[in-house]
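Numbered by the UniProt record's numbering, the letters in the sequence shown go through residues 1 to 644 in order.
Beta carbons are placed, not taken as given, at the ideal position from N, Cα and C, and that holds for glycine.
Predicted model only: the values in this text are computed from it and were never measured.
Notes follow the structure.
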Amino acid sequence: MKAGRNGPNISHLMFADDLLLFGQATHNTMNSIMSTLTKFCQMSGQQVNHTKTSIFYSKNVSRPIRDDLNALSGFTEASSLGNYLGVPALGRKPRSNDFYYLIDKVKNRLAGWKAKQLSMAGRITLAKSVIQAIPIYPMMSMQIPRSCLDDIEKIQRSFIWGETENVKRVHTIGWNTMILPKYLGGLGIRNLRIMNDACLMKLGWNLRTKKESLWTQVLWGKYGRDGNATTELVVKHTDSNLWKTIADLWPRLIEHEYWAVGNGSSINFWTDKWLDDNTRIGDLVSVIPEEARGWKVSDVVTNEGEWNFDLISTTTPGEVINKLRSVVPPSHDNELDVQLWPGNRMGVFTVAEAYRRLAGFHMQQEARQWKQVWRIEATERVRVFIWQIMHDKLLTNWRLAKWNLCRPYCSYCGRLEETTLHVLRDCPLANIIWQHLVDFQHRGRFFLASFDQWIAMNIYNDIGQATNVKWITVWATCCFWIWKWRNYRVHETNFKEIWQPWCFILNQVHSYKITQQRYFHMEELTKTEIHISWKPPQCDWILLNTDGAAKKETGMTGCGGLLRDSNGRWVVGFAKNLGNTNAYMAELWGLYEGLILANNMGVHQLEVQLDSSIVVDSIQHGRIGSAKAWSIIKRIKQLLDLNW
1 MKAGRNGPNI SHLMFADDLL LFGQATHNTM NSIMSTLTKF CQMSGQQVNH TKTSIFYSKN
61 VSRPIRDDLN ALSGFTEASS LGNYLGVPAL GRKPRSNDFY YLIDKVKNRL AGWKAKQLSM
121 AGRITLAKSV IQAIPIYPMM SMQIPRSCLD DIEKIQRSFI WGETENVKRV HTIGWNTMIL
181 PKYLGGLGIR NLRIMNDACL MKLGWNLRTK KESLWTQVLW GKYGRDGNAT TELVVKHTDS
241 NLWKTIADLW PRLIEHEYWA VGNGSSINFW TDKWLDDNTR IGDLVSVIPE EARGWKVSDV
301 VTNEGEWNFD LISTTTPGEV INKLRSVVPP SHDNELDVQL WPGNRMGVFT VAEAYRRLAG
361 FHMQQEARQW KQVWRIEATE RVRVFIWQIM HDKLLTNWRL AKWNLCRPYC SYCGRLEETT
421 LHVLRDCPLA NIIWQHLVDF QHRGRFFLAS FDQWIAMNIY NDIGQATNVK WITVWATCCF
481 WIWKWRNYRV HETNFKEIWQ PWCFILNQVH SYKITQQRYF HMEELTKTEI HISWKPPQCD
541 WILLNTDGAA KKETGMTGCG GLLRDSNGRW VVGFAKNLGN TNAYMAELWG LYEGLILANN
601 MGVHQLEVQL DSSIVVDSIQ HGRIGSAKAW SIIKRIKQLL DLNW
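Listed below in structure tokens is the structure:
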């Protein structure tokens, strides 16, 4: 069976324990299939299980032909391909009822958990690791209907806040906040709709970059009406749902990809990203000359193989010229240009980075205060509680009074409104604890600061009396227990006050610290001194020493090196301005320029010494330190393979 006019011929697909045979719905084809199965049974000694074997017809096959072929084969007709590895193999657009099994699976998991016995931190962990993971596998191959994903998220929300069928809870923090990354103030829960798109983008990426795979050949042969597909895929209403889904995501896929320069023949100099994973040169240029719009990167190289700065200097900004100096010019001897994915130093596509970019998180600055919160050396439930505090969403009397559920005053002192700051700091019960924990010289600022100032003071400063533990840990643990004791006092009639609660809090901090030290116990590192000095090469050999450096403030880099003989005499040296790049690239450039210099001088016995183990590892073991280094490492290996 041919997959489209330009697609490959497919007769069968073999899986671990399944076999699919393809053919036209004719008597001759069916006779051939039955003959093949008979020969297989005779040779293997096995038999075909007729109850587990079925025929699936396309909608174009008439009923009389189906009946004849069913009778000829003795197999039953199937209305679908069924499930494979738990995922429905649909030949049509997915419907909500195709995925009710996912919702049932989530509910069955919840039925086995005792949500009442779990803290909010425990419920969050289970929601992220189990509930959220259930639909991921089918997401990798099809677009699950939104209504189904919304139902799963609704179950997830209810579980996190401790709801049951009979008991409803207040969701004090909105779902749109909870699905933010932790470094932006959320919990790192994934939005399932965006996650589904990110998973399907992986199919699109493979379709774009792995055209030798059978499934990509089938799709391109069947639906690939535009052989280039540089910006969009052509779609007809009769196309498969998978092709339509990938076509919808195609522009976003191309928007984020960038290139590693090989021979430069596939990369548009202006409109493609190739200097780095963020820069299109065309976006930095006011006017692109008409005659230059179609330039490929290979068109901007001189006959000597260097960048043609004279050609582009009048239209290209200086910052681009500086970056260009650190990129190896393309050469017709190189391999083809390679498409890469951002967010990964190797340029490998990851669903996590696709999700981050589809959600727009890559454009947002990491908030320092949230990084501090999730690094607190305390239990997860303490960290989650501090997360709630920083959003100012505790269910205090002041907040409940806004919904006319109670009076806004403190349940202990009864004089002031019970805000978050009052219950955690200003209430006499809390105040006395802080008096024993906060260092005397900082108490004035501590008790007079506004809510936001108070938060910042405690997460960034060391203001505690105890010197052997971090203050942020003491503060977070204290806040957690003050709130817990407040709730015990209000809701439990038999609650007894803790004697010297500040001592209890410090004991909690120390206990956690000791537990972590035991768990993460590591052998004491021993310091080894290594004396480094220049070592001469063997007699009649030439030694190449190279180095690279980067200036952090400006990003400017350079490299240099020299050749010396076995007596240590200087032979020749070099230095090169590399413009704007990093130290790793500068080290590689130093080695590359040094090898070219030695080769041009006719050196036949060369030893190389440099002080970067990462570069040595990259060259010897092929562990490319970054996608940007792909081209220059290829060049270095070509030089090393010469007959020195």
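- For the 8 Å CB-CB criterion, leucine 640 and alanine 598 do not form a contact.
- If one requires a minimum length of 3 residues, the beta strand (DSSP E) runs lying completely within the stretch 568-594 are 570-580, in chain order.
- The three-state secondary structure of glutamate 319, taken from DSSP, is helix.
- In the three-state DSSP reduction, valine 218 falls in the helix class (H, G or I).
- When rounded, the separation of the alpha-carbon atoms in tryptophan 259 and threonine 231 is 15 Å.
- With respect to the C-alpha of tryptophan 295, the residue from Leu311, Glu306 and Asn303 having the closest C-alpha is Leu311.
- Boundaries for glutamate 255: no beta strand (DSSP E) harbours it, while the alpha helix (DSSP H) harbouring it runs 241-256, taken from the DSSP string.
- At the C-beta level, isoleucine 636 and leucine 562 stay beyond 8 Å of one another.
- Note that the C-beta distance between proline 536 and glycine 568 is below 8 Å.
- Contact between the stretch 135-148 and the stretch 72-87 is established, with three or more Cβ pairs separated by less than 8 Å.
- In this chain, the beta strand (DSSP E) harbouring leucine 544 covers 542-550.
- In the DSSP assignment, valine 382 falls outside any beta strand (DSSP E) and within the unbroken alpha helix (DSSP H) covering 380-390.
- Under the 8 Å Cβ criterion, the stretch 502-509 does not count as touching the stretch 549-562, having fewer than three qualifying pairs.
- Under the three-state reduction of DSSP, histidine 12 is assigned to strand.
- Here alanine 354 is buried. Its C-beta has 16 or more other C-beta atoms within 10 Å.
- When DSSP states are grouped into helix, strand and coil, valine 373 belongs to the helix group.
- With at least 16 other beta carbons inside 10 angstroms of its own, glycine 347 counts as buried.
- In this structure isoleucine 596 is not in contact with valine 571, their Cβ atoms being roughly 15 Å apart against a cut-off of 8 Å.
- A buried status is given to tryptophan 370, since no fewer than 16 other beta-carbon atoms sit within 10 Å of its beta-carbon.
- Our two residues, cysteine 479 and alanine 401, have alpha carbons roughly 22 Å apart in a direct line.
- Secondary structure remark: continuous alpha helix (DSSP H) runs of at least 4 residues inside the stretch 389-444, in chain order: 397-401 and 428-437.
- In this model, glycine 74 and histidine 50 are separated by some 7 Å (Cα to Cα).
- When Phe309, Trp434, Leu233 and Val490 are compared, the shortest CA-CA separation from threonine 477 is found for Trp434.
- Of Leu180, Gln339 and Asn308, the smallest CA-CA separation from lysine 211 is found for Gln339.
- Taking a C-beta distance under 8 Å as the contact criterion, glutamate 377 and threonine 473 qualify as a contact pair.
- Put simply, the backbone Cα of leucine 606 is about 53 Å away from that of methionine 14.
- Each of Asn176, His391, Lys634 and Pro501 was checked against the Cα of aspartate 452, and the nearest Cα belongs to His391.
- For alanine 449, the secondary structure class from DSSP, reduced to helix, strand or coil, is coil.
- It is roughly 34 Å from the alpha-carbon of glutamate 257 to the alpha-carbon of leucine 642.
- Taking every protein chain shown into account, the CB of glutamine 217 has 16 or more other CB atoms within 10 angstroms, so this residue is buried.
- Considered as a whole, the stretch 291-363 harbours 309-312, 318-324 and 351-358 as its complete alpha helix (DSSP H) runs of no fewer than 4 residues, in chain order.
- Judged by their CB atoms, leucine 275 and valine 320 are nearer to each other than the 8 Å cut-off.
- Within the stretch 86-171, no beta strand (DSSP E) run of at least 3 residues lies entirely inside it.
- Ile189 is the residue among Ile505, Gln538 and Ile189 whose C-alpha sits nearest the C-alpha of alanine 127.
- DSSP places arginine 486 in the uninterrupted alpha helix (DSSP H) bounded by 471-491.
- A straight-line Cα-Cα distance of about 34 Å links arginine 381 and arginine 345.
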